[in-house]
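Accompanying notes for the structure given below.
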Amino acid sequence: MEKYLDDTWKKGMKLRFDFNNMMAEFIGPEQGITFDQIKEMEDRLKSASLSLGQMRANGELEWMDLPYTQDQVVKDILDTANEVKEKFDAFVVLGIGGSALGPIAVQQALNHLHYNELSKEKRGGFPKFYVVDNVDPERMTALFDIIDVKKTMFNVITKSGSTSETMSQFLIIKDILKENLGDGYKDHIITTTDRKNGNLIKIAKAEGFKTFYIPAGVGGRFSELCPVGLLPAAMCGIDIEGLLAGAAYMDEMCKNQDVLKNPAYVAATLQFIAMQNGKNVSVMMPYADSLKYMADWYAQLWAESLGKRVDKQGMDVFVGQTPVKALGVTDQHSQVQLYTEGPFDKVITFITVDKYRCDVDIPHGYEDIPSIAFLGGHTMGELIKTEQMATEYALLKSKKLNNTIALPEVNAFTIGELLYFLEVQTAVMGELLNINAFDQPGVEEGKNATYAMFGRPGYDEKKKELDARPMKKENYIL
Ligand code: PA5
Numbered sequence: 003m004e005k006y007l008d009d010t011w012k013k014g015m016k017l018r019f020d021f022n023n024m025m026a027e028f029i030g031p032e033q034g035i036t037f038d039q040i041k042e043m044e045d046r047l048k049s050a051s052l053s054l055g056q057m058r059a060n061g062e063l064e065w066m067d068l069p070y071t072q073d074q075v076v077k078d079i080l081d082t083a084n085e086v087k088e089k090f091d092a093f094v095v096l097g098i099g100g101s102a103l104g105p106i107a108v109q110q111a112l113n114h115l116h117y118n119e120l121s122k123e124k125r126g127g128f129p130k131f132y133v134v135d136n137v138d139p140e141r142m143t144a145l146f147d148i149i150d151v152k153k154t155m156f157n158v159i160t161k162s163g164s165t166s167e168t169m170s171q172f173l174i175i176k177d178i179l180k181e182n183l184g185d186g187y188k189d190h191i192i193t194t195t196d197r198k199n200g201n202l203i204k205i206a207k208a209e210g211f212k213t214f215y216i217p218a219g220v221g222g223r224f225s226e227l228c229p230v231g232l233l234p235a236a237m238c239g240i241d242i243e244g245l246l247a248g249a250a251y252m253d254e255m256c257k258n259q260d261v262l263k264n265p266a267y268v269a270a271t272l273q274f275i276a277m278q279n280g281k282n283v284s285v286m287m288p289y290a291d292s293l294k295y296m297a298d299w300y301a302q303l304w305a306e307s308l309g310k311r312v313d314k315q316g317m318d319v320f321v322g323q324t325p326v327k328a329l330g331v332t333d334q335h336s337q338v339q340l341y342t343e344g345p346f347d348k349v350i351t352f353i354t355v356d357k358y359r360c361d362v363d364i365p366h367g368y369e370d371i372p373s374i375a376f377l378g379g380h381t382m383g384e385l386i387k388t389e390q391m392a393t394e395y396a397l398l399k400s401k402k403l404n405n406t407i408a409l410p411e412v413n414a415f416t417i418g419e420l421l422y423f424l425e426v427q428t429a430v431m432g433e434l435l436n437i438n439a440f441d442q443p444g445v446e447e448g449k450n451a452t453y454a455m456f457g458r459p460g461y462d463e464k465k466k467e468l469d470a471r472p473m474k475k476e477n478y479i480l
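Start counting the sequence shown at 3; every next residue gets the next number (our numbering).
See below:
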């Protein structure tokens with residue numbers, strides 16, 4: 003698109019990272035960070051940059067190159083979306099973790115907040131959109147109460163091709179489709195998986211399902227900008243080229259070799275120094291309903307990438323910062339009391355929007371009641387922004403570290419920037435913590451235990467290990 007080539011337009015859409023309220027100058031010397039502390043990190047940041055640069059050059063961080071490597075994939079996705087749009091009323095993602103949170107976050111960010119309730123015409127002719135990540139039987143049953151499987155396309159997304167939740171959902175829907183459509187079921191399933199590894203690719207080939215691939219160097223939680231996220235987004239009419247253009251723009255900023263001017267590097271450094279000072283909780287608080295699920299996506303990215311028992315040398319370190327999701331202003335009336343007056347253990351990251359996509363006037367009324375009348379003549383946009391500034395002030399006053407990522411507006415380009423910024427920040431943080439940010443042994447342990455308990459062949463040893471665990475005592479259960 004033309005505008006993505008226009009430097010002036012892109013500059014106007016640049017994300018801003020405001021870390022004033024992390025600094026001692028503002029927040030005070032007891033809690034705040036000084037420029038000297040940041041400067042002292044320069045050598046470590048340069049090593050991090052070198053290490054990530056090498057990994058990227060070796061093809062281990064393919065997620066970093068997604069903005070540039072997918073011309074053909076994007077074309078295929080857009081063609082597929084156009085075909086699906088013609089024939090189907092609903093598009094259902096079956097996936098979990100990195101295969102679900104990105105699609106949910108981007109759909110919420112870039113589509114109408116009541117997308118599924120709109121008429122098909124108002125949805126631009128695109129199908130309704132659902133994500134079934136959990137294996138709660140009630141949720142699955144409820145889905146079948148509202149969709150017509152004969153008019154539904156299912157997208158099975160799993161990198162490993164073996165995740166129990168996704169594969170059991172797949173088995174269920176395949177059976178139901180077969181019952182309703184006979185051999186036609188194959189035209190209702192698109193798979194997104196690894197090109198070589200796992201069971202799903204074998205099944206997809208044998209069945210002849212339309213398949214999109216997750217590149218080898220793209221892990222689940224770093225996969226939103228590959229077909230994992232792009233296909234579901236395109237299915238809802240989201241501008242996927244804009245997402246990739248925004249990510250490329252952020253990549254340029256995050257390539258800045260002056261690490262002290264590089265937004266993702268500075269953001270990671272501030273979190274790292276804060277963590278060393280006992281800030282073990284990272285709150286993400288968007289002030290926009292459209293960005294509510296960005297905090298969910300971030301929570302997985304931050305927790306699963308950085309919560310690690312061992313460092314790169316295999317030594318026990320038990321690191322990680324616990325992510326917390328909040329929504330402004332809603333959680334001002336729920337969690338902010340804790341943030342302002344509770345322990346000094348958090349960094350709060352606000353995500354703000356300069357220009358909401360629409361605004362609503364607050365009418366004048368009850369002029370005889372000054373404590374209500376003062377609202378009249380303003381807009382809801384003004385109110386939400388004022389409340390964010392007021393919360394920021396309350397935190398500043400109580401010396402609680404906070405920073406802000408400001409989006410000029412919420413559109414495909416700025417969402418691409420935001421996703422990429424947070425991914426690079428996470429990767430840099432992993433380097434500073436000297437851990438592998440791209441594995442998830444703790445998740446694998448739970449997956450393997452499920453396989454053993456559920457009787458998957460090849461898990462006999464794990465089953466024995468589980469059977470040897472201490473049995474629960476009745477007298478501890480009331
Ligand atoms: O980030 C990750 O790797 C995980 O959260 C995975 O996305 C999640 O466990 C699902 O895995 P898969 O895509 O292999 O089904």
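We put the CB at the ideal spot given by N, CA and C, even for glycine.
| message | I want to check one thing, is the minimum distance from the CB of Lys-198 to the heavy atoms of ligand 1 below 6 Å? | response | For the purposes of this step, residue 198 is taken as residue 196 along the sequence shown, with counting starting at 1. It does not: the Cβ of Lys-198 is nowhere closer than 6 Å to a heavy atom of ligand 1.
Since Ala-92 is in the beta strand (DSSP E), which residue starts that stretch and which ends it? Stepping through the sequence shown from its first residue, residue 92 is reached at position 90. Element bounds for Ala-92: 92–96.
Three or more beta-carbon pairs under 8 Å between the region 266–277 and the region 423–436, yes or no?
Yes, they touch.
From the DSSP secondary-structure annotation, give me the bridge partner or partners of Ala-297. Start at 1 with the first residue of the sequence shown, and residue 297 comes out as number 295. DSSP output for Ala-297 lists no bridge partner at all.
Q.
Which same chain residues end up closer than 8 Å to Ala-301 when comparing Cβ atoms and leaving out the 5 residues on each side of it in sequence?
A. Here residue 301 corresponds to residue number 299 of the sequence shown, with the count starting at 1. For Ala-301, where only same-chain residues beyond five positions count, the Cβ hits under 8 Å are Met-286, Pro-325, Val-326, Lys-327.
For this session: Let me know if Trp-11 comes out buried or exposed under the rule of 16 or more other beta-carbons within 10 Å of its beta-carbon.
Result: Numbered from 1 along the sequence shown, position 9 holds the residue referred to as residue 11. Flag for Trp-11 reads exposed.
field: Proximity below 7 Å, CB of Thr-168 to CB of Ile-98
entry: Start at 1 with the first residue of the sequence shown, and residue 168 comes out as number 166. Start at 1 with the first residue of the sequence shown, and residue 98 comes out as number 96. Yes.
Buried or exposed by the 16-neighbour rule on C-beta atoms within 10 Å, applied to His-190 | Position 188 of the sequence shown holds residue 190. Buried: at least 16 other Cβ atoms inside 10 Å.
Residue range of the alpha helix (DSSP H) that includes Thr-381 = Here residue 381 refers to the residue found at position 379 of the sequence shown. No alpha helix (DSSP H) contains Thr-381, which DSSP labels as neither H nor E.
Starting from the N-terminal side, write out each stretch of the beta strand (DSSP E) that is 3 residues or longer and does not extend beyond the region 7–53.
18–20
* Can the beta-carbon of Ala-414 be found less than 7 Å from the beta-carbon of Ser-292? -> In the sequence shown, residue 414 corresponds to position 412, counting from 1. In the sequence shown, residue 292 corresponds to position 290, counting from 1. Not in contact: Ala-414 and Ser-292 (Cβ atoms no closer than 7 Å).
inquiry  = Please tell me whether, using a cut-off of 6 Å, the distance from the CB of Gly-309 to the nearest non-hydrogen atom of ligand 1 is below it.
reply    = Along the sequence shown, one-based indexing puts residue 309 at 307. Not under cutoff, so the answer is no.
- Return helix, strand or coil for Phe-156, following the three-state DSSP convention. The residue you call residue 156 lines up with position 154 of the sequence shown. Looking at Phe-156 - three-state DSSP - the assignment turns out to be strand.
Item checked: Cβ pair Phe-93, Met-142 closer than 7 Å -> As a working note, residue 93 is residue 91 in the sequence shown. As a working note, residue 142 is residue 140 in the sequence shown. It is not a contact, given that the beta carbons lie outside the stated cut-off.
**Q.** Minimum C-alpha distance to Asn-60 - residue among Asp-356, Glu-88, Gly-219, Ala-305
**A.** Looking up residue 60 in the sequence shown gives position 58. Among Asp-356, Glu-88, Gly-219, Ala-305, the Cα nearest to that of Asn-60 belongs to Gly-219.
Exercise. Since Glu-226 contacts Val-76 with CB under 8 Å, what's their CB separation in whole angstroms?
Worked result: Position 224 of the sequence shown, counted from the first residue, corresponds to residue 226. Position 74 of the sequence shown, counted from the first residue, corresponds to residue 76. In fact, because the Cβ distance is near 14 Å, the residues do not count as touching under 8 Å.
Along the beta strand (DSSP E) that carries Leu-409, what are the first and last residues, could you check? Along the sequence shown, read from residue 1 onward, the residue named residue 409 stands at position 407. Note, Leu-409: beta strand (DSSP E), 404–409.
*Arg-223: CB within 6 Å of a non-hydrogen atom of ligand 1*: Within the sequence shown, numbered from 1, the residue matching residue 223 stands at position 221. Yes, Cβ of Arg-223 sits closer than 6 Å to a heavy atom of ligand 1.
>> Contact defined as beta carbons within less than 8 Å: I believe Ile-29 pairs with Leu-340. What is the distance between those atoms, to the nearest angstrom?
In response: Position 27 of the sequence shown, counted from the first residue, corresponds to residue 29. Position 338 of the sequence shown, counted from the first residue, corresponds to residue 340. Actually they are not in contact, since the Cβ atoms of Ile-29 and Leu-340 sit about 18 Å apart, beyond 8 Å.
Under 7 Å, do Ser-307 and Thr-428 count as touching if we go by C-beta distance? Sequence index remark: in the sequence shown, residue 307 carries index 305 (1-based). Sequence index remark: in the sequence shown, residue 428 carries index 426 (1-based). Their beta carbons are under 7 Å apart, which means Ser-307 touches Thr-428 by this criterion.
*By Cβ distance, which residues of its chain are closer than 7 Å to Asp-318, with the 5 residues on each side in sequence left out?*
Counted from its first residue, the sequence shown places residue 318 at position 316. Counting only Cβ-Cβ distances below 7 Å, and skipping sequence neighbours, we find Arg-311, Val-312.
Practice prompt. Pull up the distance between the alpha-carbon of Lys-212 and that of Thr-193, whole angstroms please.
Written response: Here residue 212 refers to the residue found at position 210 of the sequence shown. Here residue 193 refers to the residue found at position 191 of the sequence shown. Lys-212 and Thr-193 have their C-alpha atoms roughly 6 Å apart.
Using CA coordinates, which residue listed in Thr-160, Ile-240, Glu-463, Gln-442 is at the minimum distance from Ala-206? Residue numbering aside, residue 206 sits at position 204 when the sequence shown is read from its first letter. Out of Thr-160, Ile-240, Glu-463, Gln-442, Thr-160 has the C-alpha closest to the C-alpha of Ala-206.
Worksheet item: By Cβ distance below 7 Å, which residues in the same chain neighbour Ile-242 in space, the five residues on each side in sequence not counted?
Response: The sequence position of residue 242 within the sequence shown is 240, counting from 1. Only Val-76, Ile-79, Leu-232, Ala-235, Ala-236 meet the Cβ criterion.
Quiz item: Is Gly-322 near ligand 1, going by C-beta to nearest heavy atom under 6 Å?
Solution: Sequence index remark: in the sequence shown, residue 322 carries index 320 (1-based). The answer is no for Gly-322.
| said: Taking only three categories from DSSP, how would you classify Phe-440? | reply: To locate residue 440, count along the sequence shown from 1; it is residue 438. Phe-440: coil per DSSP, three-state reduction.
- Item | Three-state secondary structure (DSSP) of Asp-287 | Counting from 1 along the sequence shown, the entry for residue 287 is found at position 285. Residue 287 is actually Met in this sequence, not Asp. If DSSP states are grouped into helix, strand and coil, Met-287 belongs with the strands.
At a cut-off of 6 Å, is Ser-166 close to ligand 1 when judged by its beta-carbon and the heavy atoms of the ligand? What you label residue 166 is simply residue 164 of the sequence shown in a count that begins at 1. Flag unset: Cβ of Ser-166 not near ligand 1.
Given a cut-off of 7 Å, decide if Tyr-267 and Thr-354 are closer than it, judged by their beta-carbon atoms.
Counted from its first residue, the sequence shown places residue 354 at position 352. Counted from its first residue, the sequence shown places residue 267 at position 265. In this structure, Tyr-267 does not lie closer than 7 Å to Thr-354 by Cβ.
Exercise. For Asp-333, which of helix, strand or coil comes out of DSSP?
Worked result: Position 331 of the sequence shown, counted from the first residue, corresponds to residue 333. Asp-333 falls in the helix class under three-state DSSP.
Checklist entry - Skipping 5 residues on each side, what residues in its chain have a beta carbon closer than 7 Å to that of Phe-320? => result As a first step, residue 320 must be located in the sequence shown, where it is residue number 318. Around Phe-320: Arg-311.
Am I right that Gly-163 and Leu-202 are in contact with their C-beta atoms under 8 Å? What's the rounded C-beta distance? Your numbering for residue 163 matches position 161 in the sequence shown. Your numbering for residue 202 matches position 200 in the sequence shown. Sure, about 3 Å apart at Cβ, within 8 Å.
Item to complete: Taking Pro-325 as part of the alpha helix (DSSP H), name the residues at either end of that continuous run.
Response: Along the sequence shown, read from residue 1 onward, the residue named residue 325 stands at position 323. DSSP places Pro-325 outside any alpha helix (DSSP H); the residue lies instead in the beta strand (DSSP E), whose first and last residues are 324–327.
key: Where Asp-318 falls: helix, strand or coil (DSSP)   = Working through the sequence shown from its first residue, we reach residue 318 at position 316. The answer is strand: DSSP assigns Asp-318 an E or B state.
* Given Gly-34, which residues of its chain have a CB within under 6 Å of its CB, disregarding the five upstream and five downstream residues? -> For the purposes of this step, residue 34 is taken as residue 32 along the sequence shown, with counting starting at 1. Excluding residues within five positions, the ones whose Cβ falls inside 6 Å are Met-25, Ala-26.
Query raised in the report: CA-CA distance, Phe-21 and Pro-229?
Result: By 1-based counting over the sequence shown, the position of residue 21 is 19. By 1-based counting over the sequence shown, the position of residue 229 is 227. Each residue's alpha carbon lies about 33 Å from the other.
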